[in-house]
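One structure is given below, encoded as structure tokens.
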Amino acid sequence: SQTIHQWPATLVQPVGSPLSLECTVEGTSNPNLYWYRQAAGRGLQLLFYSVGIGQISSEVPQNLSASRPQDRQFILSSKKLLLSDSGFYLCAWSDLYEQYFGPGTRLTVT
Amino acid sequence: AQSVTQLDSHVSVSEGTPVLLRCNYSSSYSPSLFWYVQHPNKGLQLLLKYTSAATLVKGINGFEAEFKKSETSFHLTKPSAHMSDAAEYFCVVPTGANSKLTFGKGITLSVRP
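Quick look at the structure:
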């Protein structure tokens, strides 16, 4: 069966520090991968999606970037965090139209 | 373009009473529609999905939803709420290519003992 992992589960980082969140998927090949951010009371916002290795599409301009160095690995990064980057970050993969979500990373920028 | 509207941001019910969470969609054709649930600080889990087969869709944990084209609605219901149903619920529609989804703003369901 397929599983999706995210780490770390929680993270507290100072403003201006770098960020790296990792997402990995097991049990499937060449999935579409997605990064979402969920800010308090604001629903889910799609940040990036990827249809293959090295292929990244950005949905909104922001302080973050994404990379897909391997088929089942998706990384969310920032060189310098802002206070507004705080939130709950969710990774997901899809097979056709159904998406399957990871457990999420709670990021607090102080 | 497809979109969904969840007008209620918060719904509170007593344990054992029915649950109704409303969702209206906007689409030029009959879309696929989903309901996802998110418990606090957890990822999202698919409750049920409509894909133009039966209009009444049964999901997990006793939830069901009915697709009504005449009302452009896909409301989520459950006959009897349980304390464990307290969570946030999202109505979702696929949009565009690459299996992208558009989420409603979500409804927080509270269940009173």
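Going line by line, the protein sequences match chains Y and P. If you use the numbering used here, the first sequence closes out at 93, no skipped numbers anywhere. If you use the numbering used here, the second sequence closes out at 248, no skipped numbers anywhere. Glycine included, C-beta positions come from ideal geometry on N, C-alpha and C.
Note to self: Would Y:E81 pass as an interface residue toward chain P - the criterion being a Cβ-Cβ separation below 8 Å?
What the structure shows: Taking the first residue of the first sequence as position 1, residue 81 of chain Y is located at position 98. It does: the Cβ of Y:E81 has a partner Cβ on chain P nearer than 8 Å.
Checklist line | Simplified DSSP assignment, three categories, for Y:L66 | finding: As a working note, residue 66 of chain Y is residue 83 in the first sequence. Helix.
Next item on the list: Compute the distance between the beta-carbons of P:F169 and P:V227, then report whether it is under 8 Å.
Entry: The residue given as residue 169 of chain P occupies position 34 in the second sequence. The residue given as residue 227 of chain P occupies position 92 in the second sequence. For P:F169 and P:V227, yes; Cβs fall inside 8 Å.
Item checked: DSSP three-state assignment for P:S219, whether helix, strand or coil -> Position 84 of the second sequence holds residue 219 of chain P. Three-state DSSP puts P:S219 in a helix.
Note to self: Once the 5 residues before and after P:L179 are set aside, which same chain residues still bring their CB inside 6 Å of it?
What the structure shows: Taking the second sequence and counting its residues from 1, the one referred to as residue 179 of chain P is at position 44. Taken in chain order, the residues that qualify are Y171, Q173.
Item checked: First and last residue of the uninterrupted beta strand (DSSP E) at Y:F57 -> On the first sequence, residue 57 of chain Y is found 74 positions in, with the first residue counted as 1. Start and end: 56 to 61.
Next item on the list: Determine, using beta carbons only, whether Y:S60 and Y:P14 come nearer to each other than 8 Å.
Entry: Translated into the one-based positions of the first sequence, residue 60 of chain Y becomes position 77. Translated into the one-based positions of the first sequence, residue 14 of chain Y becomes position 31. In this structure, Y:P14 does not lie closer than 8 Å to Y:S60 by Cβ.
Next item on the list: Say whether chain Y places a C-beta atom closer than 8 Å to the C-beta of P:K235.
Entry: By 1-based counting over the second sequence, the position of residue 235 of chain P is 100. With 8 Å as the cut-off, P:K235 counts as an interface residue toward chain Y.
Notebook entry, point to check: Can you round the beta-carbon distance between P:Y160 and P:F209 to whole angstroms, since I take them to be within the 8 Å contact cut?
Noted result: Within the second sequence, residue 160 of chain P is the residue found at index 25, counting from 1. Within the second sequence, residue 209 of chain P is the residue found at index 74, counting from 1. So it is a contact: roughly 6 Å between Cβ atoms.
Check: Which residues bound the beta strand (DSSP E) around Y:C6?
Finding: Locating residue 6 of chain Y in the first sequence gives position 23, where the first residue counts as 1. Unbroken beta strand (DSSP E) run through Y:C6: 2 to 9.
Item checked: Assigned exposure category for P:L156 - 16 Cβ within 10 Å defines buried -> Within the second sequence, residue 156 of chain P is the residue found at index 21, counting from 1. The residue is buried, with at least 16 neighbouring Cβ atoms inside 10 Å.
Note to self: Rounded to whole angstroms, what is the Cα-Cα separation between Y:Q45 and Y:E5?
What the structure shows: Your numbering for residue 45 of chain Y matches position 62 in the first sequence. Your numbering for residue 5 of chain Y matches position 22 in the first sequence. Rounded to the nearest whole angstrom, the C-alpha separation of Y:Q45 and Y:E5 is 18 Å.
Check: Could you give the distance in angstroms between the alpha-carbon of Y:E81 and the alpha-carbon of Y:V(-2)?
Finding: Stepping through the first sequence from its first residue, residue 81 of chain Y is reached at position 98. Stepping through the first sequence from its first residue, residue -2 of chain Y is reached at position 15. Whole-angstrom Cα-Cα distance: 35 Å.
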